[in-house]
Each structure stands twice: as C-alpha cells, then as structure tokens.
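Colleague: Below is one structure. I have some questions about it.
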Amino acid sequence: ETGVTQTPRHLVMGMTNKKSLKCEQHLGHNAMYWYKQSAKKPLELMFVYSLEERVENNSVPSRFSPECPNSSHLFLHLHTLQPEDSALYLCASSQDPSSGANVLTFGAGSRLTVL
Amino acid sequence: GQNIDQPTEMTATEGAIVQINCTYQTSGFNGLFWYQQHAGEAPTFLSYNVLDGLEEKGRFSSFLSRSKGYSYLLLKELQMKDSASYLCAVRDGDYKLSFGAGTTVTVRA
Chain A
55 ETGVTQTPRH LVMGMTNKKS LKCEQHLGHN AMYWYKQSAK KPLELMFVYS
105 LEERVENNSV PSRFSPECPN SSHLFLHLHT LQPEDSALYL CASSQDPSSG
155 ANVLTFGAGS RLTVL
Chain B
47 GQNIDQPTEM TATEGAIVQI NCTYQTSGFN GLFWYQQHAG EAPTFLSYNV
97 LDGLEEKGRF SSFLSRSKGY SYLLLKELQM KDSASYLCAV RDGDYKLSFG
147 AGTTVTVRA
C-alpha cells in the first residue's frame, strides 16, 4: 500500500448511528488532516494533528470526534449526525507543517450520506 | 476571514490553452498552491508559488503576484485527461490551507 488510504469509500448512516472513518498514510509524514468537501463549496479544514497532537480544531461540532493513535493512522468518529453533514470527507498528510511548501497528499475520500 | 475566488467552470478545446484565475484576500500568506481533482479521486498537487513570477512544469505553469493577490494556472496543449476540477489554495499559517471552491475544466474534442 502506498500513499493515503481511506476506508470506507462510501458510508450511509442514519442520524442515530455511530460510525467511524479511517485514514492510513504510508509516507512517513508527521501531520494528518481531515477536510470536508461539499458540492460547489471550498474544502473546509476540520482537524489537524502534528506528531499525534491535535494542533487545529476548526470550530467543528462535537458530533465529529477525531482520534490519532499514531502518526500513521487517523480516525473520525461520527455520532448523531445531521443530513447536512452529508459530504466527501478527505484525509491528507504532510511531511512537516513548519517548513517548506508543506504539500498535502490526499486520500480519495469517504463519501458520507446521512439519512 | 479568508476569501479565495476562482471561476466555477471553463470549457476549452483539445490542444488549446486555458488560464484559470484565482484572487485571494487572506489574513496571512505563506504560499499559493494549485491542486487537480478528477471526479471521484483525491486532489493531487500541481504547483506551489511563494515568490512573484512564473513557475513552469511541462504543460502546466502557475503565476503569482502577491501585491495584487492574484494567481493563475495555465494549461497548454490541452488533453482530454485534463478535464478535472482545479483547486486554488493559500497557506496562511503552518497548518492552515484555505481553498477556493474549484474550477471545473471540460476539454472537448
């Protein structure tokens, strides 16, 4: 496996369900990110972890809960979501946020539909 | 807040040139990125500009004017595979990358 892998690729859940999105990077990067992509809207930064510590929490509702157990894995735990949370959730990683261009490598995303 | 504007859609013919403009107003500036995203796929990095001027990479070039808050991505010798969404993004801190809504480019035969 190479790059950034996200599972599941598609998820349909009810408003009362609890589910999790998983992201794994095989690039040896130090930072990992969750972005939300809604149709015709800019990517919205949700969370950033650097060396497994959360360094950015962009005013995201508490029904989204991130977890970063190590530098290669990132989870997004979902509970009591709303239909407007339906979107593509993109995970990304980068080598070192404090230097250089800090190019993000994205996964293909998890398409979430909340019924 | 951050404001990054780019056209919603552009259409061009195979073999032609297309220029995608991006204007930005952000609280800080540590560089401007262009990403390409094919439908259903991950965004992939195309270019990075931190100083004024033109950066050329094969058929793709990116230009930056910091004083004008302006960038463009130039796609030359268009191919059908270039049909995709092109995302302009500004880095305004160590971690924060603010994106525009993307420009969907359709290449016609």
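Quick mapping for you: the protein sequence lines, in order, are chains A and B. Counting from 55, one number per residue, gives the positions in the first sequence under the working numbering. Counting from 47, one number per residue, gives the positions in the second sequence under the working numbering. Even for Gly, the Cβ is constructed at its ideal location relative to N, Cα and C. All values derive from a computational prediction rather than experimental measurement.
Which of the three DSSP states, helix, strand or coil, is assigned to A/GLU138?
Modeller: Note: A/GLU138 maps to helix in three-state DSSP.
Colleague: Give a yes or no on whether 9 Å exceeds the smallest Cβ distance from B/TYR94 to chain A.
Modeller: yes
Colleague: So, for B/PHE75: in the same chain, excluding its five sequence neighbours on each side, which residues have a beta-carbon less than 7 Å away from its beta-carbon?
Modeller: Excluding residues within five positions, the ones whose Cβ falls inside 7 Å are ARG112, VAL136, ASP138.
Colleague: Identify, in the order they occur along the chain, each residue of the same chain with its Cβ nearer than 8 Å to the Cβ of A/LEU169, setting aside the five sequence neighbours on each side.
Modeller: VAL66, MET67, GLY68, MET69, PRO137
Colleague: Can you list the residues of chain A that B/ILE50 reaches, using a CB-CB cut of under 8 Å?
Modeller: Going along chain A in sequence order, the residues near B/ILE50 (Cβ under 8 Å) are PRO96.
Colleague: Report yes or no: do the region 70-85 of chain A and the region 51-63 of chain B share at least 3 C-beta pairs separated by less than 8 Å?
Modeller: no
Colleague: Three or more beta-carbon pairs under 8 Å between the region 63-73 of chain B and the region 90-102 of chain B, yes or no?
Modeller: no
Colleague: Start and end of the beta strand (DSSP E) containing A/LYS94?
Modeller: A/LYS94 -> no beta strand (DSSP E), and no H or E assigned at all.
Colleague: Would the beta-carbon of A/ALA162 fall within 9 Å of that of B/ALA130?
Modeller: no
Colleague: Ordered along the chain, which non-local residues of its own chain (more than five positions away) have a Cβ less than 7 Å from that of B/SER107?
Modeller: Cβ neighbours of B/SER107 beyond the five flanking positions: LEU100, GLU101, LEU120.
Colleague: For B/THR57 and A/ALA155, what's the separation of their Cα atoms in angstroms?
Modeller: Their backbone Cα atoms lie some 30 Å apart in a straight line.
Colleague: Let me see if you follow: with CB-CB separation under 9 Å, is A/ASP155 close to chain B or not?
Modeller: The residue you asked about is not Asp; residue 155 of chain A is Ala in the sequence shown. For A/ALA155, at least one C-beta of chain B is nearer than 9 Å to its own C-beta.
Colleague: Would you list, in chain order, the members of the region 85-113 of chain B that have their beta-carbon closer than 9 Å to a beta-carbon of chain A?
Modeller: GLY86, GLU87, ALA88, PRO89, THR90, PHE91, TYR94, VAL96
Colleague: For B/GLY77, which option in B/VAL153, B/SER144, B/ALA155 has the closest C-alpha, if you only look at C-alpha atoms?
Modeller: B/SER144
Colleague: Who are the Cβ neighbours of B/ASN67 in its own chain at under 8 Å, not counting the five residues just before and after it?
Modeller: GLN52, PRO53, TYR116, SER117, TYR118
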